[in-house]
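Note that the sequence shown covers residues 1 to 227 in this note's numbering.
Heads up, the beta-carbon is just placed ideally off N, CA and C, and yes, glycines get one too.
Quick notes on the structure that follows.
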Amino acid sequence: MSELIFAHIATQAGLAQEIVSSSFEVYSDLESAEHLFTVASGLESAVVGEREIAGQVRRALATAQQASPVPGELVQLFEHAAHTARQVGQHTTIGSQGRSIVAVALDLADTVAEKDWANRRALIFGTGAYAGATIAALRERGCEDIWVNSRSGRAQQFAAKRDVHAVPQGHSWQAMAEADVIIGCSGGAAPLPPSDIPPVGTPSLIWRSLAISTPQWRTCPRWSLSP
Numbered sequence: 001m002s003e004l005i006f007a008h009i010a011t012q013a014g015l016a017q018e019i020v021s022s023s024f025e026v027y028s029d030l031e032s033a034e035h036l037f038t039v040a041s042g043l044e045s046a047v048v049g050e051r052e053i054a055g056q057v058r059r060a061l062a063t064a065q066q067a068s069p070v071p072g073e074l075v076q077l078f079e080h081a082a083h084t085a086r087q088v089g090q091h092t093t094i095g096s097q098g099r100s101i102v103a104v105a106l107d108l109a110d111t112v113a114e115k116d117w118a119n120r121r122a123l124i125f126g127t128g129a130y131a132g133a134t135i136a137a138l139r140e141r142g143c144e145d146i147w148v149n150s151r152s153g154r155a156q157q158f159a160a161k162r163d164v165h166a167v168p169q170g171h172s173w174q175a176m177a178e179a180d181v182i183i184g185c186s187g188g189a190a191p192l193p194p195s196d197i198p199p200v201g202t203p204s205l206i207w208r209s210l211a212i213s214t215p216q217w218r219t220c221p222r223w224s225l226s227p
């Protein structure tokens with residue numbers, strides 16, 4: 001079964017199957033159930049106890065159910081994993097910390113920022129789940145000047161639902177030049193075109209990338225960057 005999955009991923013991604021298969025760890029039987037529970041509880045995350053991961057696990061099940069019937073045993077396993085994640089969040093010191101990758105990234109931005117959040121303009125690249133979580137986290141800190149940029153064209157609809165601003169198509173450079181903090185939440189691997197990258201003279205910016213792939217603009221001079 002795993003080989004069929006690897007073959008499908010390789011076809012969709014345009015990669016050699018050997019590269020795909022070497023990028024995965026395969027679990028089976030009880031070991032796979034244990035892995036699901038630890039992942040859902042945030043114990044395998046870059047930030048231990050990360051809250052967003054439980055939602056990702058729930059969405060994974062929902063996506064599978066939309067695509068085709070899912071065996072009842074598998075549904076129950078995911079439901080038990082979600083319940084365990086809630087228990088970890090409510091009854092352990094890990095959960096009480098309420099940490100997430102988004103929160104840690106914004107904490108890092110605080111260490112080099114010259115303004116408080118109420119006076120900062122934040123620019124978010126991406127319109128996925130992490131972008132939504134970032135908007136919520138920014139508002140918790142008092143930031144209201146929030147802009148969203150998406151090369152896929154979804155920024156306007158995404159921003160309207162969340163009462164933030166959408167960067168007009170073709171205005172990425174201007175939005176980046178006017179931002180105090182930039183948070184990358186896009187998983188796209190394609191680099192920005194040179195016309196979208198601010199010149200060397202642009203004032204120092206704070207960049208935090210939450211994306212799986214890091215864009216090539218991290219080499220731009222005078223930017224405060226971190227993975």
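Going by beta carbon distance, what residues of the same chain come within less than 8 Å of residue i, once the five residues before and after it are set aside?
i	result
residue 201	Bear in mind that a pLDDT of 47 at residue 201, under 50, signals an unreliable position, so the model cannot answer this.
residue 228	No statement about residue 228 is possible, as the shown extent of the chain runs from 1 to 227 and does not include it.
With 16 other CB atoms within 10 Å as the buried threshold, where does residue i fall?
i	result
residue 24	exposed
residue 138	buried
residue 5	exposed
residue 164	buried
With a threshold of 7 Å on Cβ separation, who are the neighbours of residue i within its own chain once the five nearest residues in sequence on each side are excluded?
i	result
residue 39	53 and 57
residue 178	121
Considering only the alpha carbon of each residue, which of the options lies closest to residue i?
i	options	result
residue 168	1, 152, 180 and 182	152
residue 155	173, 176, 128 and 177	128
residue 113	17, 182 and 49	182
residue 32	81, 104 and 92	81
residue 126	148, 51 and 22	148
residue 184	124, 141 and 65	124
residue 51	22, 104 and 73	104
residue 92	75, 186 and 48	48
residue 170	73, 150, 159 and 106	150
residue 75	68, 83 and 61	61
Please state whether the Cβ-Cβ distance between residue i and residue j is less than 8 Å.
i	j	result
residue 85	residue 41	yes
residue 180	residue 120	yes
residue 102	residue 94	no
residue 145	residue 122	yes
residue 77	residue 36	yes
residue 100	residue 133	yes
residue 143	residue 117	yes
residue 16	residue 10	yes
For residue i, collect the residues of the same chain with a Cβ closer than 6 Å to its Cβ; drop the 5 residues on either side in sequence, then sort them by chain order.
i	result
residue 162	135
residue 26	2
residue 90	none
residue 141	117
Minimum length 3: unbroken beta strand (DSSP E) runs contained in the segment 103-137:
121-125
3 or more residues per run - each beta strand (DSSP E) lying fully within the segment 26-73
none
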